[in-house]
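J.: Dropping a structure here in C-alpha cells format, bear with me for questions.
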Amino acid sequence: MTAPGSEDWLRPLGRTGLQVTAVAVGGAPLGSMPENFGHEVAYDDGVALAAYVLDSPVRVLDTSNGYSGGESERRIGAAIAQRGGVPADFLVTTKVDARGTDYSGARVRASVAESRQRLGLDQLPLVYLHDPEFHDFDELSAPGGAVDTLMALRDEGVIGHVGLAGGTAQEMQRYLALGGFEVLLVHNRWTLVDRSATELVAQAEDLGVALVNAAVYGGGLLAKPGSTTKYGYREASPVTLQAVEAMRAVCAEHGTDLATAALQASVRDPRVSTTVVGLSRPARLDALVASLGTALPDALFDTLEELRPPREHWLDFSPS
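Residue numbers for the sequence shown follow the UniProt record's numbering, so the first one is 1 and each next one is one higher.
What follows is the structure, given as C-alpha cells:
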C-alpha cells in the first residue's frame with residue numbers, strides 16, 4: 001500500500017538527485033482549460049488550489065508554459081508568492097512549448113524565461129521538452145535547435161534537469177535516443193487499457209531515464225462511468241469500451257472502483273517514479289490521497305491485465 005507516511009511514498013527521480021512523491025498534481029486544470037476539462041476555474045480558485053497543493057502531502061506540481069496561455073504558471077506563481085517561496089522539499093516542474101509553429105532554439109529560451117517570470121523562480125529545477133512529436137524532428141534535433149538549446153540551458157545553470165514529455169511513443173523513442181534527457185513523461189500510453197509505451201518504457205529503463213506517468217485515466221474513461229467514450233482525445237474502439245466495462249465489474253467485485261485501480265496500477269509499478277493526476281478542486285486532491293490508502297489484492301491487478309484490449313486497439317498501434 002502506498003500512501004503518505006508509507007515507506008515508498010517518497011521516491012528518487014531516477015539519477016537526477018531529486019525526490020518525488022508517489023503521485024504528483026498536474027497543473028493544467030487549475031489554469032482553467034474548459035475545452036479539455038468541461039468547466040471553468042476562476043483565478044482565485046486556481047491560486048487557492050495551487051496553495052493547497054503546496055501544503056499537502058503531495059510534493060510535486062507539474063505545469064507547462066502553454067497551459068491556458070501561461071495561466072497555470074501564473075496562478076502557481078501567485079500561490080508560491082503567497083507562501084513566501086517554494087518549500088524546500090517541494091518540486092515544481094514545467095515544460096517548454098512552441099509558439100505556433102515556432103519551436104526554435106530562440107523560442108525555447110523565451111519559453112524558459114516566461115516560465116521563470118510567471119513562477120517567480122530564478123532556476124527551474126526540471127524542464128521538459130513538450131510535445132515535440134507535432135514538429136519536425138530534424139529541425140528540433142539540429143545544432144542550435146530546441147533540444148540543443150534546452151541542454152545548453154542546463155549547462156548554464158538556468159534549469160536544473162532536462163526531461164522529455166509527449167505522446168506518440170515511436171516519436172518519443174527517436175528523441176530519447178538523442179541522449180541527454182534525464183526524465184521521460186508519458187501520457188495515456190501506460191494505463192490499464194493501453195501499453196503503447198512498452199518499447200519506450202524499456203528504452204528509458206535501459207538508459208537510466210526516470211519515468212513519470214500521466215493521464216492514467218485516459219482523459220476520463222477510466223474515471224467516472226459514462227463520462228466519455230473517448231480515450232486519449234480519440235473515440236475509443238468498441239473493444240476498448242467493452243474492456244473498460246468488464247474492468248469496472250471486476251473492481252466492484254473487489255469492493256473498489258476503476259479509478260482507484262487505474263491510479264494504483266501506475267503507483268505500484270516499480271518503473272514509475274511518480275504518477276501525475278490533473279485536478280481542479282482541493283476535495284479531489286483529498287480523495288486522491290485517500291484512495292492510495294485502499295488495500296487492493298494482487299489478484300485484482302492480475303485480472304485487469306488479462307482484460308486489457310489487444311495491441312491493435314492501443315493509441316499508437318502500427319502493424320509490424
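Backbone N, C-alpha and C fix where the C-beta goes; we use that ideal spot for every residue, glycine too.
Note that this is a predicted model, so its numbers are computed, not measured.
When you compare each of 166, 200, 137 and 157 to residue 128 by their alpha carbons, which one comes out closest?
T.: Within the sequence shown, numbered from 1, the residue matching residue 128 stands at position 128. Residue 166 is the option with its Cα nearest to residue 128.
J.: Leaving out five residues on either side along the sequence, give the residues of the same chain with a beta carbon under 7 angstroms from the beta carbon of residue 316.
T.: Position 316 of the sequence shown, counted from the first residue, corresponds to residue 316. If we look at residue 316 and ignore the five residues flanking it on each side, its Cβ neighbours are 168, 169, 170, 189 and 196.
J.: Which ranges would you report for the alpha helix (DSSP H) in the segment 162-243 if only whole runs of at least 4 residues count?
T.: 169-176 and 198-207
J.: Mapping the DSSP letters down to three states, classify residue 96 as helix, strand or coil.
T.: Within the sequence shown, residue 96 is the residue found at index 96, counting from 1. Reduced to three states, the DSSP call for residue 96 is strand.
J.: With distance defined between alpha-carbon atoms, name the residue in 311, 41 and 111 nearest to residue 279.
T.: As a working mapping, residue 279 is identified with position 279 in the sequence shown. Out of 311, 41 and 111, 41 has the C-alpha closest to the C-alpha of residue 279.
J.: Around the Cβ of residue 82, are there at least 16 other Cβ atoms within 10 angstroms (buried) or fewer (exposed)?
T.: Residue 82 sits at position 82 when you count from the first residue of the sequence shown. Flag for residue 82 reads exposed.
J.: Buried or exposed: where does residue 7 fall if 16 or more other Cβ atoms within 10 Å of its Cβ makes it buried?
T.: The residue you call residue 7 lines up with position 7 of the sequence shown. Flag for residue 7 reads exposed.
J.: Counting along the chain, where does the beta strand (DSSP E) carrying residue 142 start and finish?
T.: Here residue 142 corresponds to residue number 142 of the sequence shown, with the count starting at 1. Where residue 142 is concerned, there is no enclosing beta strand (DSSP E), given that its DSSP letter is neither H nor E.
J.: Nearest-angstrom Cα distance between residue 175 and residue 92?
T.: Against the sequence shown, residue 175 aligns to sequence position 175. Against the sequence shown, residue 92 aligns to sequence position 92. So the alpha carbons of these two residues sit roughly 23 angstroms apart.
J.: Here's a check: name, in chain order, each residue in its chain whose Cβ is nearer than 8 angstroms to the Cβ of residue 137, leaving out the five neighbours to either side.
T.: Position 137 of the sequence shown holds residue 137. Hits under 8 angstroms: 171, 174 and 175.
J.: Got a sec? Which residues, its chain only, sit under 7 angstroms from residue 306 by beta carbon, not counting five neighbours each side?
T.: In the sequence shown, residue 306 corresponds to position 306, counting from 1. Around residue 306, the same chain offers no residue with a beta carbon nearer than 7 angstroms, after the five sequence neighbours per side are excluded.
J.: Let me know the secondary structure DSSP gives residue 122 once reduced to three states.
T.: Counting from one through the sequence shown, the residue named residue 122 turns up at place 122. It is coil, neither helix nor strand.
J.: How is residue 26 classed by DSSP in three states: helix, strand or coil?
T.: For the purposes of this step, residue 26 is taken as the residue at position 26 of the sequence shown. DSSP places residue 26 in strand when its eight states are reduced to three.
J.: Does the ligand SAM have even one heavy atom less than 8 angstroms from the beta-carbon of residue 307?
T.: The ligand SAM is not part of this structure, which contains no ligands at all.
J.: Enumerate, from N- to C-terminal direction, the unbroken alpha helix (DSSP H) stretches of 4 or more residues contained entirely within the segment 34-81.
T.: With a minimum length of 4 residues, the continuous alpha helix (DSSP H) runs that stay inside the segment 34-81 are 34-37 and 43-54.
J.: Does the structure place the segment 69-84 close enough to the segment 9-19 that three or more beta carbon pairs sit under 8 angstroms?
T.: No, they do not touch.
J.: Excluding the 5 residues preceding and the 5 following residue 43 in the sequence, name in chain order all residues of the same chain whose CB lies nearer than 6 angstroms to its CB.
T.: Taking the first residue of the sequence shown as position 1, residue 43 is located at position 43. Contacts found: none.
J.: Pairs of beta-carbons, one from the segment 59-76 and one from the segment 21-28, closer than 8 angstroms: are there three or more?
T.: yes
J.: Can you give me the C-alpha to C-alpha distance between residue 290 and residue 48, rounded to a whole angstrom?
T.: Position 290 of the sequence shown, counting from 1, holds the residue named residue 290. Position 48 of the sequence shown, counting from 1, holds the residue named residue 48. Taking the straight line joining both Cα atoms gives about 20 angstroms.
J.: Would you decide whether residue 264 is buried or exposed? Buried here means 16 or more other CB atoms lie within 10 Å of its CB.
T.: Residue numbering aside, residue 264 sits at position 264 when the sequence shown is read from its first letter. When all chains shown are included, residue 264 counts as buried.
J.: Quick one: any contact between the segment 213-231 and the segment 268-284, if contact means 3 or more CB pairs under 8 angstroms?
T.: yes
J.: If you draw a straight line from the alpha carbon of residue 107 to that of residue 186, how long is it in whole angstroms?
T.: Along the sequence shown, read from residue 1 onward, the residue named residue 107 stands at position 107. Along the sequence shown, read from residue 1 onward, the residue named residue 186 stands at position 186. Each residue's Cα considered, the two are about 23 angstroms apart.
J.: How is residue 138 classed by DSSP in three states: helix, strand or coil?
T.: Residue numbering aside, residue 138 sits at position 138 when the sequence shown is read from its first letter. It is helical.
J.: Quick one, are the C-beta atoms of residue 123 and residue 159 less than 9 angstroms apart?
T.: Here the question's residue 123 lines up with position 123 in the sequence shown. Here the question's residue 159 lines up with position 159 in the sequence shown. Yes, they are a contact pair.
J.: On the premise that residue 192 lies in contact with residue 222, defined as a C-beta separation below 8 angstroms, what is that separation, rounded to the nearest angstrom?
T.: Working through the sequence shown from its first residue, we reach residue 222 at position 222. Working through the sequence shown from its first residue, we reach residue 192 at position 192. 6 angstroms between Cβ atoms; contact.
J.: Per DSSP, what kind of secondary structure is residue 275 in: helix, strand or coil?
T.: Counted from its first residue, the sequence shown places residue 275 at position 275. It is a strand residue.
J.: Among 126, 208, 255 and 22, which one has its Cα closest to the Cα of residue 177?
T.: Taking the first residue of the sequence shown as 1, we reach residue 177 at position 177. The shortest C-alpha separation from residue 177 is found at 208.
J.: If you measure between the beta carbons of residue 31 and residue 68, is that distance less than 9 angstroms?
T.: If you number the sequence shown from 1, residue 31 lands on position 31. If you number the sequence shown from 1, residue 68 lands on position 68. Yes, these two residues count as a Cβ contact at 9 angstroms.
J.: Does DSSP put residue 302 in a helix, a strand or coil?
T.: By one-based count along the sequence shown, residue 302 stands at place 302. Three-state DSSP puts residue 302 in a helix.
J.: With DSSP collapsed to three states, give me the class of residue 13.
T.: The residue given as residue 13 occupies position 13 in the sequence shown. Coil, per DSSP.
J.: Can the beta-carbon of residue 13 be found closer than 9 angstroms to that of residue 152?
T.: For the purposes of this step, residue 13 is taken as the residue at position 13 of the sequence shown. For the purposes of this step, residue 152 is taken as the residue at position 152 of the sequence shown. No. Outside cutoff.
J.: What is the DSSP secondary structure of residue 293, counted as helix, strand or coil?
T.: As a first step, residue 293 is located in the sequence shown; it is residue number 293 there, counting from the start. Coil, per DSSP.
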